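Undergrad:
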């Protein structure tokens, strides 16, 4: 009896799996970092956007794969230069996952909440140009600006500017409620986040019935998961040395595209000796960037010299501003009064570019007489200790936000870089409409950063992704740190 | 069994050497241990290349005359790293065993000497410690105090304490009933003096064997902790860390995994053989069974 039961069970499993192979409509996506919460309007971690953006939450507009701004919850919009106002025509019949309706009052709530004094939005600057948000009727939102702000619309396509329902605003961190084609199912902390198709989506429904984001920070475990098929898609694959092996696998597709991620050694500019520009320049001279990329990422990554990647507009190649020159580095350190044997620590979050990169940088800095202590740290602690409280000497991190030169113009950002000249320059750029003048100013901003070298810029992070050959509709390039899976589906 | 037989040490001097070479286990074990110690000591003032020096242009080379064990993903010389790693492994393991002996042996001796509630208390403590898998204990300790070689030593040392406490107590318990202990007591010696003069000298053969086995376990534990990133931190070379770094290179540069793997295997195997051989040599019960 037992045997009969067992064999019929085995048969059933076989049938079920065979059926699954024909009509698979779920996806398991691998991610390096687990988000610290699921509310992109309340925390800077791009891991949040990589799970929720476009999939779960939507803004008035969205950024497409090519970096262009497209309609989302706003069908269309018009800019009126005389009134300095955007008029958004909102979509009709949109509902949040909890049934709450979407209309202009939600727009007003979301934008006002983002700039409120108690707001914890990580990109308040995006909303700063807003003078007021008004609702002449439920399906029309008029956003008045304080001045001309050409970056405004792109910013409203960020994860930080998604629409949040007043009813669920406080609980989105653990129970996210948006308007997107997927809705939240559950979050098994330390392991995965599960989303399922939203049957009441206003637009074209998602073709996948469910998406599971699995968090695997160890590169070799990620490789094993991809090779075994446990993960169908890995959007930011770190073990570049394995790409030849993965390319040889007939079931897998490997794609090397671009991101707007800038891998850098961030320095606490408020702390000695990094408060001295000579020291920061010395560090830049001490590291051989092409070799660094070779060692850390098997050569996948372009050396950069400022806070900008070729995937962003107005990129200027400044990677040779501080060519590898240990003698010059030693001389600069000496000039700044930094004695050989000076110690400092570098905090290393989990990604491989940081953990491996730390070892490489420690060796380079030892060459010029600096003693580095490497401090590996979990991501949540990094966000708190380094990013929020700036209690650190140096760290290695990729800044994945796009077109984010504003961070150096902020009153507070964890580099503690203070430069009135940069601030003024940035404000000039932010208010300039003429495209040519804007590009010129973008170049000036980058040159100013390269000159001051608040951080040691290392390389542009490529988007190395690996996915099952039968998967279609996956983004190859990332204009924003996101993971838009709304159009992904399996080949028929 | 007479007093004489009980406390007489095995053959001394040349006799001891002959006994060592007669046992194959002992010979191999001792050779491996000396080799590891030799590498560790030599690495202090000489390695073929500096073990931390990156030569990224030469990365991932296979074994050659210039680099006997090849180079790793940063172009470091693997042989030099194995040498420096030997020092790290032995240092951590030695300290861990010393911590275990230093605390565990007095505890065990105390339990045996006093008996009663003290004995019960000490033994329940060791039961408690044994209830946790050893490596888990070490992971907890390093997770709390932060990953470093020193904390790895302490962590591994902590799970060595109950082992030595038990072994010491077990061996000492029987001795306390012996006539010569009774005689010593009649002569007016206190518990501490009897333990020092008559008990410990008669349990040290058991301790030496146990220490060898714990040493081997500590080498594995250190490698395990370093493998998961809780042991030695870069730039200190460590066999466990080398293994963990090699994982994603296994298809393109298998030598990165093979050499540290061999280093760990051979060292542990050698230490275990040494432990077996020492037990054969030192433990009178085993000797008599032959």
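Residue numbers (my numbering), protein chains in the order written: chain B, 107 to 598; chain R, 316 to 605.
Each residue gets a CB set at the ideal place from its N, CA and C atoms; glycine is no exception.
Note that this is a predicted model, so its numbers are computed, not measured.
1) For residue 483 of chain R, which three-state DSSP category applies?
2) Can you list the residues of chain B that residue 462 of chain R reaches, using a CB-CB cut of under 8 Å?
3) Please state if the CB of residue 546 of chain R and the CB of residue 412 of chain R are separated by a distance shorter than 9 Å.
4) For the structure I just gave you, are there three or more beta carbon pairs, one from the region 510-527 of chain R and one from the region 578-585 of chain R, closer than 8 Å?
5) Measuring CA to CA, which of B/509, B/304, B/392 and B/541 is closest to residue 476 of chain B?
6) Just curious, the beta strand (DSSP E) that residue 290 of chain B is in, first and last residue?
7) Check whether the Cβ atoms of residue 221 of chain B and residue 236 of chain B lie closer than 9 Å to each other.
8) Apply the 10 Å Cβ neighbour rule to residue 227 of chain B and answer buried if 16 or more other Cβ atoms are within range, or exposed otherwise.
9) Should residue 320 of chain B go down as buried or exposed, given a rule of 16 or more other Cβ atoms within 10 Å for buried?
10) For the putative contact between residue 193 of chain B and residue 270 of chain B, defined by C-beta atoms under 8 Å, what is the C-beta separation to the nearest angstrom?
11) Does residue 501 of chain R pass the burial test, meaning 16 or more other C-beta atoms within 10 Å, or should it be called exposed?
12) Spell out the partners DSSP gives residue 236 of chain B in its beta bridges.
13) Once the 5 residues before and after residue 121 of chain B are set aside, which same chain residues still bring their CB inside 8 Å of it?
14) Confirm the yes/no value for this check: CB of residue 534 of chain R, any heavy atom of the ligand SAM, distance under 8 Å.
15) Determine the chain C residues that contact residue 570 of chain R at a beta-carbon separation under 8 Å, and present them in chain order.
16) Which residues bound the alpha helix (DSSP H) around residue 410 of chain B?
17) In whole angstroms, what is the alpha-carbon distance linking residue 538 of chain R and residue 459 of chain R?
18) What is the DSSP secondary structure of residue 370 of chain B, reduced to helix, strand or coil?
19) Between residue 485 of chain B and chain R, is there a C-beta pair that is closer than 9 Å?
20) Taking only the alpha-carbon atoms, compute the straight-line gap between residue 467 of chain R and residue 349 of chain B and give it to the nearest angstrom.
21) Quick check on residue 348 of chain R: does DSSP put it in helix, strand or coil?
22) Please confirm whether residue 451 of chain B has its beta-carbon closer than 9 Å to some beta-carbon of chain R.
23) Around the C-beta of residue 455 of chain R, are 16 or more other C-beta atoms found within 10 angstroms, so that it is buried, or is it exposed?
24) What ranges does the beta strand (DSSP E) occupy inside the region 425-469 of chain B, keeping only unbroken runs of at least 3 residues that lie completely in it?
25) Given a cut-off of 9 Å, decide if residue 141 of chain B and residue 317 of chain B are closer than it, judged by their beta-carbon atoms.
26) I'd like to know if residue 453 of chain R contacts chain B, where contact means its C-beta is closer than 9 Å to some C-beta of that chain.
27) Could you have a look at residue 339 of chain B and say whether DSSP puts it in helix, strand or coil?
28) Among all the DSSP beta bridges, which residues are the ones paired with residue 513 of chain R?
29) Expressed to the nearest angstrom, what Euclidean distance is found between the alpha-carbon atoms of residue 335 of chain B and residue 337 of chain R?
30) Among R/520, R/453 and R/595, whose alpha-carbon lies nearest the alpha-carbon of residue 532 of chain R?
31) Does residue 335 of chain B come within less than 9 Å of chain R when only Cβ atoms are used?
32) Across the region 405-415 of chain B and the region 550-567 of chain B, are there enough close Cβ pairs to call them in contact, namely three or more that are closer than 8 Å?
TA: Taking the geometry as given:
1) For this step, residue 483 of chain R is matched to residue 168 along the second chain. Residue 483 of chain R falls in the helix class under three-state DSSP.
2) Taking the second chain and counting its residues from 1, the one referred to as residue 462 of chain R is at position 147. Near residue 462 of chain R (Cβ distances below 8 Å), the residues of chain B are 482.
3) If you number the second chain from 1, residue 412 of chain R lands on position 97. If you number the second chain from 1, residue 546 of chain R lands on position 231. No.
4) no
5) If you number the first chain from 1, residue 476 of chain B lands on position 370. Comparing Cα positions, the closest option is B/392.
6) Indexing the first chain from 1 puts residue 290 of chain B at position 184. Counting along the chain, the beta strand (DSSP E) containing residue 290 of chain B begins and ends at 288-294.
7) Numbered from its first residue, the first chain carries residue 221 of chain B at position 115. Numbered from its first residue, the first chain carries residue 236 of chain B at position 130. In contact: residue 221 of chain B and residue 236 of chain B (Cβ atoms closer than 9 Å).
8) Here residue 227 of chain B corresponds to residue number 121 of the first chain, with the count starting at 1. Result: buried.
9) Against the first chain, residue 320 of chain B aligns to sequence position 214. Classification for residue 320 of chain B: buried.
10) Position 87 of the first chain holds residue 193 of chain B. Position 164 of the first chain holds residue 270 of chain B. With 8 Å as the limit, residue 193 of chain B and residue 270 of chain B do not qualify as a contact, their Cβ atoms being about 21 Å apart.
11) In the second chain, the residue the question calls residue 501 of chain R occupies position 186. Counting Cβ neighbours within 10 Å, residue 501 of chain R comes out exposed, since fewer than 16 surround it.
12) In the first chain, residue 236 of chain B corresponds to position 130, counting from 1. Answer is B/251, bridged to residue 236 of chain B.
13) Reading the first chain from its first residue, position 15 is the one you call residue 121 of chain B. Residue confidence for residue 121 of chain B is low, a pLDDT of 45 falling below 50, so the modelled location carries little weight and cannot support an answer.
14) In the structure shown, the ligand SAM is absent, as is every other ligand, since no ligand is present at all.
15) Checking the listed chains, one finds no chain C in this structure; the protein chains it contains are B and R.
16) Residue numbering aside, residue 410 of chain B sits at position 304 when the first chain is read from its first letter. Premise fails: residue 410 of chain B is in no alpha helix (DSSP H) and is neither H nor E.
17) As a working mapping, residue 538 of chain R is identified with position 223 in the second chain. As a working mapping, residue 459 of chain R is identified with position 144 in the second chain. One C-alpha to the other measures close to 19 Å.
18) Counted from its first residue, the first chain places residue 370 of chain B at position 264. Strand.
19) Working through the first chain from its first residue, we reach residue 485 of chain B at position 379. Taking Cβ atoms only, chain R never reaches closer than 9 Å to residue 485 of chain B, which makes this a no.
20) Taking the first residue of the second chain as position 1, residue 467 of chain R is located at position 152. Taking the first residue of the first chain as position 1, residue 349 of chain B is located at position 243. One C-alpha to the other measures close to 34 Å.
21) Here residue 348 of chain R refers to the residue found at position 33 of the second chain. Three-state DSSP puts residue 348 of chain R in a helix.
22) Within the first chain, numbered from 1, the residue matching residue 451 of chain B stands at position 345. By this cut-off, residue 451 of chain B is not an interface position.
23) Working through the second chain from its first residue, we reach residue 455 of chain R at position 140. Per the 10 Å Cβ criterion, exposed.
24) 449-454
25) In the first chain, residue 317 of chain B corresponds to position 211, counting from 1. In the first chain, residue 141 of chain B corresponds to position 35, counting from 1. No, the pair does not count as a contact, with Cβ atoms beyond the cut-off.
26) In the second chain, the residue the question calls residue 453 of chain R occupies position 138. False, the Cβ-Cβ gap to chain B never drops below 9 Å.
27) As a position in the first chain, residue 339 of chain B is number 233, starting the count at 1. The answer is strand: DSSP assigns residue 339 of chain B an E or B state.
28) Position 198 of the second chain holds residue 513 of chain R. DSSP output for residue 513 of chain R lists no bridge partner at all.
29) Counting from 1 along the first chain, the entry for residue 335 of chain B is found at position 229. Counting from 1 along the second chain, the entry for residue 337 of chain R is found at position 22. If I take the Cα positions, the gap works out to 55 Å.
30) The residue labelled residue 532 of chain R in the question sits at position 217 within the second chain. Of R/520, R/453 and R/595, the residue nearest in Cα terms is R/453.
31) Here residue 335 of chain B refers to the residue found at position 229 of the first chain. Chain R, which has no Cβ nearer than 9 Å to the Cβ of residue 335 of chain B, makes this no.
32) yes
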